[in-house]
Structures are given as C-alpha cells and as structure tokens.
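So the sequences go chain by chain: P and U. Under the numbering used here, the letters of the first sequence match residues 382 to 495, in that order. Under the numbering used here, the letters of the second sequence match residues 244 to 425, in that order. These notes are about the structure you will find just below.
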Amino acid sequence: MEAFISIKNGILFLVSLVLLTGVFACQSNHLPKKYIVEIKDMKFQPSKLIVQKGDTVIWINKDIVAHNVTEKNNTWASPLLLPESKWEKVIERSDSYYCSIHINMVGALVVASQ
Amino acid sequence: MKNFQNVKKVTLLAGAFLCSVTLLSPAFGQNTPTLSDPEIASVAVVANQNDIDFAEIAKQKSQNPEVLEFANTMIKDHKTVIDLAVALVTKLHVTPKDNAVSKKLLSDAEKTKKMLNSKSAKEFDKAYVDNEVAYHKVVIAAVKNVLVPQSQNAELKALLQKVVPILEAHLAHAEMTQKKML
Numbered sequence: 382m383e384a385f386i387s388i389k390n391g392i393l394f395l396v397s398l399v400l401l402t403g404v405f406a407c408q409s410n411h412l413p414k415k416y417i418v419e420i421k422d423m424k425f426q427p428s429k430l431i432v433q434k435g436d437t438v439i440w441i442n443k444d445i446v447a448h449n450v451t452e453k454n455n456t457w458a459s460p461l462l463l464p465e466s467k468w469e470k471v472i473e474r475s476d477s478y479y480c481s482i483h484i485n486m487v488g489a490l491v492v493a494s495q
Numbered sequence: 244m245k246n247f248q249n250v251k252k253v254t255l256l257a258g259a260f261l262c263s264v265t266l267l268s269p270a271f272g273q274n275t276p277t278l279s280d281p282e283i284a285s286v287a288v289v290a291n292q293n294d295i296d297f298a299e300i301a302k303q304k305s306q307n308p309e310v311l312e313f314a315n316t317m318i319k320d321h322k323t324v325i326d327l328a329v330a331l332v333t334k335l336h337v338t339p340k341d342n343a344v345s346k347k348l349l350s351d352a353e354k355t356k357k358m359l360n361s362k363s364a365k366e367f368d369k370a371y372v373d374n375e376v377a378y379h380k381v382v383i384a385a386v387k388n389v390l391v392p393q394s395q396n397a398e399l400k401a402l403l404q405k406v407v408p409i410l411e412a413h414l415a416h417a418e419m420t421q422k423k424m425l
C-alpha cells in the first residue's frame, strides 16, 4: 500500500512539473523569428518592421553602392555593407535607424508588446 | 546694393546651368541629342567624374562637417558608378566615345570648378551645395530622359536605371543640407 502511495505521489509530482514547465513556456518562450530588410533603390524595405523582442533582423544590401545601418543616436551600427553583403542583429528594443552615408535613408524597428 | 550683387551672382550661376542643360533637357525636344552606347558611356563617366571633382574642391575648402560628409558620399558613390561603368564597357568591348554632350559637360564643369575655387571660405559652402542641387537635377533629367531611353545594350540600360535612385538620394541629401544653411 505504501509503495502504491509512493508511486502515486511520484506521478503527481511529475505531472505537476510538466504542467508548470508548460505554463512558464507559454508565458516567456516566444520562438525567435528572422526577418529580412532589403536595402534597395536607396531605401530600407520595409522601412518599418514590427518584431518581437529577441527576433533577428537581417539587412541585405541589394544596391550598387555601399550602405550601413546606424541607430539614430549611434548606440549601435553595422559595419560598411558592400553590395550583396548582409548584417544581422538580435532586436531587444524599438529603435529608429538610418544610413550614415545617405542620411535621408531611414528605417524603424518596433518591438511589439507580447 | 549687396543684395543686388548676390541676386546677380545667383542669376549668372543659374544661367550657366541652363546652358549646360540645353543639350540634355527634354524641354528642348528637337535639340535632344541622339547618342550611341559608347557615347552614353562617355557621358555617364564624365557626369560622375565632374561631381567627384566638385567634391574634392569641397574637401579642400569647406570646414562644415555636413558639407564634408556630403562631399565624401559624392566621392564614394560616383566612384562606384564609374568603376561599374568601366567594368561594363570593358566586358562589352566598348570604348567610351567623346561627343558634344560629354564635351559640353566637361567645359561647363571647368567653369563651375573655377567659380567654386574663387569663393571665399564664407561663401563656398552655399555655392557648393547650390551647385550640387542644380547639377543633380540636370543629371537626373538627362539619365531619365536621354541616356536610359537611348541606350541599346540591356546591361548598360540596367546600370543607368540603377543609378537614378542614387542620384535622387543625393539630390534629397543636398536639398536637406541646403535648407539647413538658410
């Protein structure tokens, strides 16, 4: 009888553990996605991108001249992106950015609330 | 009197530009030149080299960070376009050929360089940026209305089409810098 209770408790513990893990996973585990921003015809396309925190954005230079991706207050920046080269960044917060070589090229990343 | 002199200078500058546009502008319909691909290649190289030359003068004469930044962008981008044009004509076994349009662009550029070099440090930035706005308007019109429609080779046409948004971005950048100077 004692052995039966012991097994029963063990099963209950395991079930609880699985359920709790599931609850936490639903609350905090967003599967990170990858998004592409093309730099084409002297524009960031799309110019505004809505992502979730932890998603990755890949910028690909499809123009014939070099560009870069620079946060508006210069807190982060890509290296020089030659034609056909790419650069990626994990997004932690909403930011506006521009190309510091062509200052009228601007883009925005918006982190959506989960 | 000083205002009158300034107006006169601007008018003379605008007049010089109008002369250089004549050979390229669609507004002069019946005078629109007919160009072969080797001639178009020559016009493209000369137009880009002119703007590099203007930017080199700016790097020597200006102390304004925004003007210097703009000049550096002009040198980088126009050099890239020249390199691509030279690579393409080499691949196509085409030799750029001088023509009335490229010669006019060259002679007008000489006058512009003389004008820019004659400016005092105080006057230079405005003269350079005003020139960049006017020059890019002329070149954009020429590429869109003359060079692209007349180019026969598909790769040459595609390269010229890719250059248009670059020139338009340069114009927007120049106009932004111009407004800040007001």
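All residues carry an ideal CB built from backbone N, CA and C; glycine is no exception. All values derive from a computational prediction rather than experimental measurement.
Please determine, among 432(P), 469(P), 477(P) and 419(P), the residue with the shortest C-alpha to C-alpha distance to residue 453(P).
The residue you call residue 453(P) lines up with position 72 of the first sequence. Selected option, being the one with the closest Cα: 477(P).
Per DSSP, what kind of secondary structure is residue 254(U) in: helix, strand or coil?
As a working note, residue 254(U) is residue 11 in the second sequence. Per-residue confidence for residue 254(U) stands at a pLDDT of 39, beneath the threshold of 50, marking its modelled position as unreliable; the derived number appears in the next sentence. Three-state DSSP puts residue 254(U) in a helix.
Give a yes or no on contact between the segment 277–296 of chain U and the segment 321–330 of chain U, applying the rule of three or more CB pairs nearer than 8 Å.
Yes, the segment 277–296 of chain U is in contact with the segment 321–330 of chain U.
Could you please give the first and the last residue of the uninterrupted beta strand (DSSP E) stretch that includes residue 489(P)?
Within the first sequence, the letter at position 108 stands for residue 489(P). Looking at the DSSP string, the run of the beta strand (DSSP E) that includes residue 489(P) is 487–492.
Does the beta-carbon of residue 403(U) have 16 or more other beta-carbons within 10 angstroms, so that it is buried, or is it exposed?
For the purposes of this step, residue 403(U) is taken as the residue at position 160 of the second sequence. Classification of residue 403(U): buried, given that the 10 Å Cβ count is 16 or more.
With a threshold of 16 other CB atoms inside 10 Å of the CB of residue 398(U), please say whether the residue is buried or exposed.
The residue you call residue 398(U) lines up with position 155 of the second sequence. So residue 398(U) counts as exposed.
Of all Cβ atoms in chain P, is any one closer than 8 Å to the Cβ of residue 415(U)?
In the second sequence, counting from the first residue as 1, residue 415(U) sits at position 172. By this cut-off, residue 415(U) is an interface position.
Start and end of the beta strand (DSSP E) containing residue 477(P)?
As a position in the first sequence, residue 477(P) is number 96, starting the count at 1. Unbroken beta strand (DSSP E) run through residue 477(P): 476–479.
Let me check understanding here. Comparing Cα to Cα, which of 368(U), 332(U) and 354(U) lies closest to residue 312(U)?
On the second sequence, position 69 is the one that residue 312(U) refers to. Selected option, being the one with the closest Cα: 368(U).
Would you mind working out which of 421(U), 419(U), 414(U) and 401(U) sits nearest residue 444(P), comparing C-alpha positions?
On the first sequence, residue 444(P) is found 63 positions in, with the first residue counted as 1. The shortest C-alpha separation from residue 444(P) is found at 401(U).
State the CB to CB distance for the pair residue 286(U) and residue 329(U), rounded to an integer number of angstroms; the pair is presumed to be in contact (CB under 8 Å).
As a working note, residue 286(U) is residue 43 in the second sequence. As a working note, residue 329(U) is residue 86 in the second sequence. 14 Å between Cβ atoms; not a contact.
Between residue 419(U) and chain P, is the shortest Cβ-Cβ distance under 8 Å, so that the two count as touching?
Position 176 of the second sequence, counted from the first residue, corresponds to residue 419(U). Answer yes: the Cβ-Cβ gap between residue 419(U) and chain P drops below 8 Å somewhere.
Below 8 Å, how does it come out for the segment 420–435 of chain P and the segment 302–309 of chain U: are there three or more Cβ pairs, yes or no?
No contact exists between the segment 420–435 of chain P and the segment 302–309 of chain U.
Whose CA, out of 425(U), 416(U) and 423(U), lies closest to the CA of residue 317(U)?
Sequence index remark: in the second sequence, residue 317(U) carries index 74 (1-based). Among 425(U), 416(U) and 423(U), the Cα nearest to that of residue 317(U) is on 416(U).
Taking only beta-carbon atoms, is residue 442(P) less than 8 Å away from chain U?
As a working note, residue 442(P) is residue 61 in the first sequence. No - not a single Cβ of chain U is within 8 Å of the one on residue 442(P).
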